[in-house]
Every structure is written in C-alpha cells, then in structure tokens.
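Peer 1: Take this structure, written in structure tokens, and hold onto it; I'll ask about it next.
Number of protein chains: 4
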Amino acid sequence: MLKRLPRVVREQQMLDAAVQVFSRRGFHAASMDEIAEVAGISKPMVYAYLGTKEELFLTCLRREATRLMEAVAAGVRPASRPDEQLWNGLRAFFAFVGAHRDGWRVLYRQARSEPHFAGELAGMRARIVEVVASLLEGACAQAEAAKPARPDDFLAMAYAYVGAAESLADWLADHEEEDPEHTATRMMNFVWVGADALLQGRVWRAQAE
Amino acid sequence: MLKRLPRVVREQQMLDAAVQVFSRRGFHAASMDEIAEVAGISKPMVYAYLGTKEELFLTCLRREATRLMEAVAAGVRPASRPDEQLWNGLRAFFAFVGAHRDGWRVLYRQARSEPHFAGELAGMRARIVEVVASLLEGACAQAEAAKPARPDDFLAMAYAYVGAAESLADWLADHEEEDPEHTATRMMNFVWVGADALLQGRVWRAQAE
Amino acid sequence: MLKRLPRVVREQQMLDAAVQVFSRRGFHAASMDEIAEVAGISKPMVYAYLGTKEELFLTCLRREATRLMEAVAAGVRPASRPDEQLWNGLRAFFAFVGAHRDGWRVLYRQARSEPHFAGELAGMRARIVEVVASLLEGACAQAEAAKPARPDDFLAMAYAYVGAAESLADWLADHEEEDPEHTATRMMNFVWVGADALLQGRVWRAQAE
Amino acid sequence: MLKRLPRVVREQQMLDAAVQVFSRRGFHAASMDEIAEVAGISKPMVYAYLGTKEELFLTCLRREATRLMEAVAAGVRPASRPDEQLWNGLRAFFAFVGAHRDGWRVLYRQARSEPHFAGELAGMRARIVEVVASLLEGACAQAEAAKPARPDDFLAMAYAYVGAAESLADWLADHEEEDPEHTATRMMNFVWVGADALLQGRVWRAQAE
DNA sequence: AATGAATGAGTATTCATTCAT
DNA sequence: AATGAATGAATACTCATTCAT
Numbered sequence: 001m002l003k004r005l006p007r008v009v010r011e012q013q014m015l016d017a018a019v020q021v022f023s024r025r026g027f028h029a030a031s032m033d034e035i036a037e038v039a040g041i042s043k044p045m046v047y048a049y050l051g052t053k054e055e056l057f058l059t060c061l062r063r064e065a066t067r068l069m070e071a072v073a074a075g076v077r078p079a080s081r082p083d084e085q086l087w088n089g090l091r092a093f094f095a096f097v098g099a100h101r102d103g104w105r106v107l108y109r110q111a112r113s114e115p116h117f118a119g120e121l122a123g124m125r126a127r128i129v130e131v132v133a134s135l136l137e138g139a140c141a142q143a144e145a146a147k148p149a150r151p152d153d154f155l156a157m158a159y160a161y162v163g164a165a166e167s168l169a170d171w172l173a174d175h176e177e178e179d180p181e182h183t184a185t186r187m188m189n190f191v192w193v194g195a196d197a198l199l200q201g202r203v204w205r206a207q208a209e
Numbered sequence: 001m002l003k004r005l006p007r008v009v010r011e012q013q014m015l016d017a018a019v020q021v022f023s024r025r026g027f028h029a030a031s032m033d034e035i036a037e038v039a040g041i042s043k044p045m046v047y048a049y050l051g052t053k054e055e056l057f058l059t060c061l062r063r064e065a066t067r068l069m070e071a072v073a074a075g076v077r078p079a080s081r082p083d084e085q086l087w088n089g090l091r092a093f094f095a096f097v098g099a100h101r102d103g104w105r106v107l108y109r110q111a112r113s114e115p116h117f118a119g120e121l122a123g124m125r126a127r128i129v130e131v132v133a134s135l136l137e138g139a140c141a142q143a144e145a146a147k148p149a150r151p152d153d154f155l156a157m158a159y160a161y162v163g164a165a166e167s168l169a170d171w172l173a174d175h176e177e178e179d180p181e182h183t184a185t186r187m188m189n190f191v192w193v194g195a196d197a198l199l200q201g202r203v204w205r206a207q208a209e
Numbered sequence: 001m002l003k004r005l006p007r008v009v010r011e012q013q014m015l016d017a018a019v020q021v022f023s024r025r026g027f028h029a030a031s032m033d034e035i036a037e038v039a040g041i042s043k044p045m046v047y048a049y050l051g052t053k054e055e056l057f058l059t060c061l062r063r064e065a066t067r068l069m070e071a072v073a074a075g076v077r078p079a080s081r082p083d084e085q086l087w088n089g090l091r092a093f094f095a096f097v098g099a100h101r102d103g104w105r106v107l108y109r110q111a112r113s114e115p116h117f118a119g120e121l122a123g124m125r126a127r128i129v130e131v132v133a134s135l136l137e138g139a140c141a142q143a144e145a146a147k148p149a150r151p152d153d154f155l156a157m158a159y160a161y162v163g164a165a166e167s168l169a170d171w172l173a174d175h176e177e178e179d180p181e182h183t184a185t186r187m188m189n190f191v192w193v194g195a196d197a198l199l200q201g202r203v204w205r206a207q208a209e
Numbered sequence: 001m002l003k004r005l006p007r008v009v010r011e012q013q014m015l016d017a018a019v020q021v022f023s024r025r026g027f028h029a030a031s032m033d034e035i036a037e038v039a040g041i042s043k044p045m046v047y048a049y050l051g052t053k054e055e056l057f058l059t060c061l062r063r064e065a066t067r068l069m070e071a072v073a074a075g076v077r078p079a080s081r082p083d084e085q086l087w088n089g090l091r092a093f094f095a096f097v098g099a100h101r102d103g104w105r106v107l108y109r110q111a112r113s114e115p116h117f118a119g120e121l122a123g124m125r126a127r128i129v130e131v132v133a134s135l136l137e138g139a140c141a142q143a144e145a146a147k148p149a150r151p152d153d154f155l156a157m158a159y160a161y162v163g164a165a166e167s168l169a170d171w172l173a174d175h176e177e178e179d180p181e182h183t184a185t186r187m188m189n190f191v192w193v194g195a196d197a198l199l200q201g202r203v204w205r206a207q208a209e
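Chains A, B, C and D are the protein sequences, given in the same order.
In terms of the UniProt record's numbering, the first sequence opens at residue 1 and continues consecutively.
In terms of the UniProt record's numbering, the second sequence opens at residue 1 and continues consecutively.
In terms of the UniProt record's numbering, the third sequence opens at residue 1 and continues consecutively.
In terms of the UniProt record's numbering, the fourth sequence opens at residue 1 and continues consecutively.
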C-alpha cells in the first residue's frame, strides 16, 4: 500500500508507532494489530522486521534508553564543575523527557511493571545511578573538608536522587504545560543544596526519645 | 471442597491471594484462575464476593493504601517536632513496605502502569504529598528566620521527596536483605539536612556560562 | 427471612416471580438468581419446590395456559349462538391477555422460540384450534345452505383465525393503552364477516393470467 | 486448514451457518463455536468478519428480511389489480418461507423473543403492514360504494391479516410436506373474501344480551 | 516485498445447581 | 424449613502468530 522504503526507515516508523501504542495502552493492552495499523503497515511486516511482541518492546526500550542517555551525555561537558555537570545533565534529562513523553512512559512505567523487563531496566538505572554517585563523589573530593560516612552512602544518595528525578519526570510526562527547564531548576535546587550540606558533614540524628 | 468459611474471612483470603498474584504477574498477566487457585477457592466465589477483575484490583489497591496510611499515621505522634514526625513517619513507611512487599509492588508499579487506575492512585499520592508539604511548612515556621521562596515550592519539594521515598521503597521491595530501618535513616538523613539548608535560605543558582 | 407460609402459597409467589422474570428477560436470559430474588426467597427453595429451570418454566407455561383456557371457557355460554360464543370467547381472551401481559409473553414468545418447549405449546394450540374449528362448523350447519369445500378447510380457517388473534394479542401485550374490548371488537368484526361470507359459499379464485 | 477464500464468499458461508444454527437452537442457546464449526471455519474469523454475536444475529436478520422483501416484491406486478397483487405477493411469500424455513424461524421466532431485537423486527413488520393496508385501501377505492369505518381500520385489518399469514407461515416452516402454493391459496381465499365483504360495508355487531 | 486469510490457545465472566449448616 | 457458601461447566471474545498467495 505504501511505497517501498528502505528497511531502516521502515523500522523506525514501526518503532515510533510501537512506542506510541505501548505508551498509550501499556505492554499487555497494546495489540500488534494496533501497532501495525498506526505504523501504516501490515502485521506480517512487523513480525518480519522486528520479531515477537516481546522483542519489539525490548527494541523500543533500548532505543529510548539509548537516546535518553545520548541526550544527557550530549548536554554535559565532562570537564566542568560537578554542579554544572549535574545541572546540565538535569536540563538535558528533563528536556528529553518533555520532548519524548511517550518514550518516557514506556521506559518508566511499562517496563517497570512488567516483571519480564524489569531486569533490563534495572541495569540501565544502575548505570545512571553510578554516574550520579561518582558526580557526588567528585564534588565531595573537590570540597574542602567533607568526609561523608561509608562508601556506599554515595550510592544510596544517588539512588534517592535518581528516584526523585524520575518521579518529577513522570509528573512532567503527564503535564503538557509544564516547562522542563523549570522542573530542572527545582530538582537541581533542592538536590544540590541538600547534597552540599550533607557533603559538608551535616548529619541528622534521631534523638533519644 | 474446603471448609465453609464466613464471607469476611474468605474475602480477606482472596484479597491476599490477589495482591500476591497481581504483584507477581502484573495486572494484565494475572489471571483470575490463578488468583482463585492461590486463594484456594473456585473462581465463581471470587466473582461473587469481589466482582470484576478491575473491581478486585481496585479493592486490593484501596486495602493496601489504607493499611499503609494507617500504619504511617499510627507511627507518628502529631504533637512532636516536625523532624520527629517525619522520622517516625518514614520509619513506619519503610517498615510497612518491608513487611508488605507484594502490596507495595501492586500499589507502586502495577497501579501506575495501568492508565485505568492511575487516577485513583494519583489522588492518594496527592494527599500524602500535601501532608509532607505541611510538615515542611511547619518546620519552616518553627525555624527562626527562614523565608523560602514561593508557596508552591513546599509542594514541589514534597513531591520530589515523596518520589525519592517511593523509589527507595521500590528498591526495598525487591531486596529481601535490606533493613527497612536503615533505609529510613538514609532517607531521613538526606531529606532533612537538605530541607533544613533550603529552608534557611540557601539556594543554588545557575551561573552565567 | 420471610415468615413461614404454606407450601401452596409459596409456590404461587415463586411462579408469579418466574413468569415476571421470564417475560422480561426470555427463558435463557432469565437467571434463577433473579427469580429467587424477585420471589423474595432463597434459591434452594426454588429448587426444592419447583425443580429445575426447565421444569419451572414448564410449570409457568401450564399455569398460564390453564388460566387462559379457563378464563375463556368461563366467558362462553355453550348454548348460545356460534357468533355469540365466538364473541364472548374473544372478549374473555383479550381481557385475559390484557390483564396478564407477562403471562402471555411467556406463552406466546418465549415458549415458541425455545425448540424445547415448542411441542408442549403446539399441543395447547391444537386444542384451541379445534374448538374454533368446531365453532365454525357449527355456524355453517346452522346457516341454511352453506357447503364449504373440503373438511379440513375448517381447520385451516381456524388456524389462520387463531394466528390473527394471537398476533393482535401480542400487540396488545406491548401496548398498555390499548383497550382489550376494542381489540376484541376488531377481531370479531373482521373474522366473522369474513367467515360468514366464506361460509355462504363465496370463494376467491385465481384467474387465468 | 481449508482453502483460502475471498472475504465475500466466506461471509456468506458464515451467515448461512449462523442462520441454520440460530434457527435450530435459538439465539441464546446457539454458540459461536457451533456456528464456526458449521461454517467450517475458526471462531476468530467469524468475529473478524461479522463481529459480536449480536451483530452477527442482526446481520442474519437483515439479510433474511431483505431477501424476503425482495422475493415478494419480485413476485408482484404493481400495475395489476389489488387482489392479484395480494395473491402474487402471498404466493411469493409462502414460496420463500417454504424455501428458507431456517431463515423464517430466525425472523419470526428468535428475533421476536429477544427483547433486544424486537425493535428491529417491529420496524420491518410495520413496513409490511403498511403495504398491505394500502393494498386494502386501493381495493376499497376501486370497489364501488364501500365506505369502511375509520381510517385506521385498514391498519388494524392489515395487522390481523399479517398476523394470520405469519402464523400460517410459521406452521409451514415446521411441516416439510406442506405445499406453499396451497397455503397461499387458503390464505388468499379467506382473506380476500372476508375483506371484500367487509369493504362492502357488512359489519358484525354485538347484540343486546 | 507485502498482505489478506486463518487459527490455537487463552481469559474474563456467568449460571444452573448442590451442599453443609 | 431455610439459606449462605460453594462449584463444574460453559461461553463470548481476543490476540500473538503464521501461511498461502
């Protein structure tokens, strides 16, 4: 029905369609029929090019994740100060989510809820968390006297920060009117001030009741 | 085949089974057959007592949410200082999640990924976020000179904190070995110190590049 | 829940409920649950008193049919002139249908559409058709010279008349505002005049084309 | 498993099967499984081409009704005398019913007993009744002096006639040995003579008792 | 290369019917 | 006598996946 297109182009069309449908319906409720229809192509083509529904979903997942990572990486100048790195990373991150809301929903919601894909996703997050952790560590090293607790505390903090960022991103994905730049500012603000204080040795302790 | 039990008892059995299965498989992949089997009862009973799969899921959702809220409320002494309130709330929260990992997965993952239930869930979160926001506000009022920015900044902060807590809770849910008390300490630590600094007027600003 | 009632009374309550529900939903769509509920009694009681769904339906069928027959029989004075008999019979018939619309629907529609009960019903109709046929024959004998065709022509006419009456009755069942007396007049009018003419030897014939 | 056939062909096969099964079992008792099996095709095809059970039934209903109407229309010469029109119409009608007994059972019995389809059917009947009524009116106009009562008497008569015809048709549908031509003659005979007499002003009246 | 035709396998849901109390 | 509890069996409907053309 459509004119012949080189395989790579077709594949991207299909992936676009798949991301859109997966985002709208969720993995299970999405039907290969609808995906094919949205892609403007017949179902057997989808199978021929991208395999099983699961494989298709995984491919979507990886494409979106890769794009996200690349977008963030492109926004950060590795040589700059840690807080600038973080700031630019967050800007890039929220900007990407704001521009690819469907993709984010697939990544953050669908992939997470399907036990089958959780592993794949966990790996991706782990890599991100590590990057953030090493950023924190770098900031700490740069700061004068900071001696923050045990070594995996950086990881824990990073984990919590990533969680907070994802949560804001998720909210952003559902609110067309929100300005990604604004979200980034908020996040940066509260993350960095908190982190800074922590890194300077301020600690909260439960007091004897 | 099994003994006759009064309705209330059976309903709880069924809900337990449902939470377990929903948690393991996700909403769509969970089958009413499996739920009935796990509950040790025949499918028609599930329908008779708890209705449609959707209704069943909603009932699970609400039961778990209610329990969670009650657990947290029971842990907090309303008259205590804000940081103590927060600390006790977080302890209760993580303790609950640690003790009801299945329930948490249902709440946090499955409910979120199904467009159909997202609304219900969003409402619950909103209530929590508001509580946290008012805690922050209370802390701010109690502190001497703090005059933090705009009024909805409390909300934004609360939102991010809740996101971070959920993220840690989610991680907790998947790691049997993690000690909830420890998770709570980490969370409290970095939240409170950050918040405290923020509330005292420290702000991070992007610098001219 | 209800107070103890003698069996016969209970049975009538149940049959009333059953007729109502069967009429509203049709045989298949009617559920024993609803029947029990409408009867204000528990399901096992229905089974205990009236047996299977099929048996229950048959019992309804027979009760309604019997009542109808009796009502008609009560309306007719056997010694009167044929046309008067017919007239009174029709009046009684339409009056009954008007007063028992539910029962009529069960008899005429549901019973007919269920292959399983068609036989039972066919028998009842056969008896009615015969009565009408003998009425016609009586009228013919009474009339002076009439010599209508072959013997089973009375039956055929009767059959058609009964069909027409049923059709009008069916229409009556669905129109609350229609006056049964009026329906009876119409029917009588066109039946009798037609019959009269036929019985006097007037015949329509296809003409050579 | 079976040969690939173009959609249009398969659809007709399915409709044939559906009419047969609906006729034999009734709407509710008919199972999509059986219909598919009789059609020699798998169930999903039935759903793909003809939709829901209800939609399938409606499609059957309309196909049979359309065919019936067309058969009758084809039999009647519009320019001929009213009685000839009626006669030819009846011949065509009974011939059709005799040749499509299954279809008639679906139309007349099943559709009528399902409250859900009664409306659709009522509309069709209404159109037929009107045609007959206008035939009667035409005959009346043609006849010399006739001045039959009120205007809707034509409708009432037509209604009763149609009921009678349906009743005979229904009987015909269940009796393989009956000759449709013969049925038509009987019907015509008693209808026309009766109508003729009526139209000439003969009226039956209840006498003072 | 591309697709309409086709299906096996599964899932939610309902209902007549029966026990245990 | 009366009922809440319980189920076996069925049925409509869907969907990922594959062929034949």
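Every residue gets a Cβ at the ideal spot worked out from N, C-alpha and C, and that includes glycine.
Let me know the secondary structure DSSP gives Asp102/B once reduced to three states.
Peer 2: For the purposes of this step, residue 102/B is taken as the residue at position 102 of the second sequence. In the structure shown, Asp102/B sits in a helix (DSSP, three-state: H, G or I).
Peer 1: For Tyr49/D, go through chain C and note every residue whose CB falls closer than 8 Å to its CB, in chain order.
Peer 2: The count along the fourth sequence starts at 1 and reaches residue 49/D at position 49. Near Tyr49/D there are no residues of chain C at all, since even the closest Cβ is about 25 Å away, more than 8 Å.
Peer 1: Which runs of the alpha helix (DSSP H) spanning at least 4 residues fall entirely within the region 106-185 of chain C, listed in chain order?
Peer 2: 115-142 and 152-174, all fully within the region 106-185 of chain C.
Peer 1: Would you kindly check if the distance between the Cβ of Ala184/A and the Cβ of Phe96/A is under 7 Å?
Peer 2: Numbered from 1 along the first sequence, position 96 holds the residue referred to as residue 96/A. Numbered from 1 along the first sequence, position 184 holds the residue referred to as residue 184/A. No, they are not a contact pair.
Peer 1: Please state the DSSP three-state secondary structure of Val76/D.
Peer 2: On the fourth sequence, position 76 is the one that residue 76/D refers to. Three-state result, Val76/D: coil.
Peer 1: Taking Ala36/A as part of the alpha helix (DSSP H), name the residues at either end of that continuous run.
Peer 2: Taking the first residue of the first sequence as 1, we reach residue 36/A at position 36. Element bounds for Ala36/A: Met32 to Ala39.
Peer 1: If we define contact as Cβ-Cβ less than 7 Å, is Gln110/B a contact residue for chain A?
Peer 2: Mapped onto the second sequence, residue 110/B falls at position 110. True, the Cβ-Cβ gap to chain A drops below 7 Å.
Peer 1: Quick one: what does DSSP say Gly89/D is sitting in, helix, strand or coil?
Peer 2: On the fourth sequence, position 89 is the one that residue 89/D refers to. Note: Gly89/D maps to helix in three-state DSSP.
Peer 1: Can you give me the Cβ contacts of Glu178/B inside the same chain, cut-off strictly under 8 Å, excluding the 5 residues immediately before and after it?
Peer 2: Position 178 of the second sequence, counting from 1, holds the residue named residue 178/B. Same-chain partners within the cutoff: Gly98, Trp171 and Leu172.
Peer 1: Please state whether DSSP places Phe27/B in a helix, a strand or coil.
Peer 2: Against the second sequence, residue 27/B aligns to sequence position 27. Reduced to three states, the DSSP call for Phe27/B is coil.
Peer 1: Could you give the uninterrupted runs of the alpha helix (DSSP H) lying entirely in the region 37-73 of chain D, keeping only those of 4 residues or more?
Peer 2: For the region 37-73 of chain D, whole alpha helix (DSSP H) runs of length 4 or above, ordered along the chain, are 43-50.
Peer 1: Nearest to Arg62/D by CA position, among Gly40/D, Cys140/D, Ala18/D and Ala139/D, is which residue?
Peer 2: Along the fourth sequence, one-based indexing puts residue 62/D at 62. Nearest option by C-alpha distance: Ala18/D.
Peer 1: Name, please, each residue of chain A whose Cβ falls closer than 9 Å to the Cβ of Leu172/B.
Peer 2: Translated into positions along the second sequence, residue 172/B becomes position 172. In chain order: nothing, as chain A lies at least about 11 Å away.
Peer 1: Closest to Asp126/A by C-alpha separation, out of Tyr161/A, Ser31/A and Arg101/A, would be which residue?
Peer 2: Your numbering for residue 126/A matches position 126 in the first sequence. Checking the sequence, you will find Ala at residue 126/A rather than Asp. Checked all of Tyr161/A, Ser31/A and Arg101/A; the closest Cα to Ala126/A is Tyr161/A.
Peer 1: Please list the partners that Leu164/B has in chain A, where partner means a Cβ-to-Cβ separation under 8 Å.
Peer 2: Counting from one through the second sequence, the residue named residue 164/B turns up at place 164. Note that residue 164/B is Ala in the sequence shown, not Leu. Neighbours of Ala164/B on chain A, chain order: Ala160, Tyr161, Gly163, Ala164 and Ser167.
Peer 1: Mind listing the chain A neighbours of Gly89/B? Cutoff is C-beta to C-beta under 7 Å, in chain order.
Peer 2: Working through the second sequence from its first residue, we reach residue 89/B at position 89. What Gly89/B touches in chain A: nothing, since even the nearest Cβ is about 13 Å away.
Peer 1: To which residues of the same chain is Val72/C closer than 6 Å at the C-beta, ignoring the five residues directly before and after it?
Peer 2: Stepping through the third sequence from its first residue, residue 72/C is reached at position 72. Within the same chain, Val72/C has close Cβ partners Gly89, Ala92 and Phe93.
Peer 1: Near Met14/C, which residues of its chain fall below 7 Å by C-beta distance, leaving aside the five closest residues on each side in sequence?
Peer 2: Reading the third sequence from its first residue, position 14 is the one you call residue 14/C. Contacts found: Ala39, Ile41, Val46, Tyr49 and Leu50.
Peer 1: Mind checking His175/D: buried by the 16 CB within 10 Å criterion, or exposed?
Peer 2: Taking the first residue of the fourth sequence as 1, we reach residue 175/D at position 175. Classification of His175/D: exposed, given that the 10 Å Cβ count is below 16.
Peer 1: Less than 7 Å separating the beta-carbons of Ser113/D and Gly26/C?
Peer 2: Counting from one through the fourth sequence, the residue named residue 113/D turns up at place 113. Counting from one through the third sequence, the residue named residue 26/C turns up at place 26. The answer is yes: Cβ separation under 7 Å.
Peer 1: Listed from N- to C-terminal order along the chain, which residues in the region 108-134 of chain A have their beta-carbon within a distance smaller than 7 Å of any beta-carbon of chain B?
Peer 2: Within the region 108-134 of chain A, the residues whose Cβ lies closer than 7 Å to some Cβ of chain B are Arg109, Gln110, Arg112, Ser113, Glu114 and Pro115, listed in chain order.
Peer 1: Check Arg10/B in the structure and name its three-state DSSP category.
Peer 2: Numbered from its first residue, the second sequence carries residue 10/B at position 10. Helix, per DSSP.
Peer 1: Would you mind telling me which residues of chain A sit closer than 7 Å to Ala156/B, beta carbon to beta carbon, in chain order?
Peer 2: Here residue 156/B is taken as the residue at index 156 of the second sequence, counted from 1. Under the 7 Å cutoff, chain A gives Arg186.
Peer 1: Is it buried or exposed for His116/B, if we count other Cβ within 10 angstroms and need 16 for buried?
Peer 2: Within the second sequence, numbered from 1, the residue matching residue 116/B stands at position 116. Answer is exposed; the Cβ neighbour count stays below 16.
Peer 1: Quick one: measure Cβ to Cβ for His100/A and Glu64/A, integer angstroms, because I've assumed they're closer than 8 Å.
Peer 2: Locating residue 100/A in the first sequence gives position 100, counting from the first residue. Locating residue 64/A in the first sequence gives position 64, counting from the first residue. Confirmed, Cβ separation roughly 7 Å.
Peer 1: If I measure Cβ to Cβ from Ala158/A and keep anything under 7 Å in the same chain, skipping five residues before and after, which residues do I get?
Peer 2: Position 158 of the first sequence, counted from the start, is the residue given in the question as residue 158/A. Taken in chain order, the residues that qualify are Val129, Val132, Ala133 and Leu136.
Peer 1: Please name the residue in Glu84/C, Val9/C, Ala111/C and Ala74/C whose C-alpha comes closest to that of Glu54/C.
Peer 2: Mapped onto the third sequence, residue 54/C falls at position 54. When only C-alpha atoms are compared, the closest one is Ala111/C.
Peer 1: Quick check on Val9/A: buried or exposed, where buried means 16 or more other Cβ atoms within 10 Å of its Cβ?
Peer 2: Against the first sequence, residue 9/A aligns to sequence position 9. It counts as exposed.
Peer 1: Taking Cβ-Cβ distances shorter than 8 Å, what residues in chain D pair up with His100/C?
Peer 2: Indexing the third sequence from 1 puts residue 100/C at position 100. By Cβ distance, chain D contributes nothing, its closest Cβ being about 18 Å from His100/C, past 8 Å.
Peer 1: Please check if any C-beta of chain C sits within less than 7 Å of the C-beta of Gly26/D.
Peer 2: On the fourth sequence, position 26 is the one that residue 26/D refers to. Chain C, which has a Cβ nearer than 7 Å to the Cβ of Gly26/D, makes this yes.
Peer 1: Roughly how many angstroms lie between the CA atoms of Gly138/D and Pro78/D, to the nearest whole one?
Peer 2: On the fourth sequence, residue 138/D is found 138 positions in, with the first residue counted as 1. On the fourth sequence, residue 78/D is found 78 positions in, with the first residue counted as 1. Cα to Cα, Gly138/D sits roughly 12 Å from Pro78/D.
Peer 1: Relative to the C-alpha of Trp192/A, which residue among Ala165/A, Ala169/A and Ala36/A is closest?
Peer 2: Numbered from its first residue, the first sequence carries residue 192/A at position 192. Of the candidates Ala165/A, Ala169/A and Ala36/A, the one whose C-alpha sits nearest the C-alpha of Trp192/A is Ala165/A.
Peer 1: Use the C-beta contact count for Pro167/A: other C-beta atoms within 10 angstroms, 16 or more gives buried, fewer gives exposed.
Peer 2: For the purposes of this step, residue 167/A is taken as the residue at position 167 of the first sequence. The residue you asked about is not Pro; residue 167/A is Ser in the sequence shown. Counting Cβ neighbours within 10 Å, Ser167/A comes out buried, since at least 16 surround it.
Peer 1: So Leu58/C and Glu120/C are supposed to be a Cβ contact under 8 Å. How far apart are they, rounded?
Peer 2: By one-based count along the third sequence, residue 58/C stands at place 58. By one-based count along the third sequence, residue 120/C stands at place 120. Confirmed, about 7 Å.
Peer 1: Spatial neighbours of Arg7/A within its chain, please: C-beta separation below 6 Å, excluding the five flanking residues on both sides.
Peer 2: As a working note, residue 7/A is residue 7 in the first sequence. Cβ within range, chain order: n/a, list empty.
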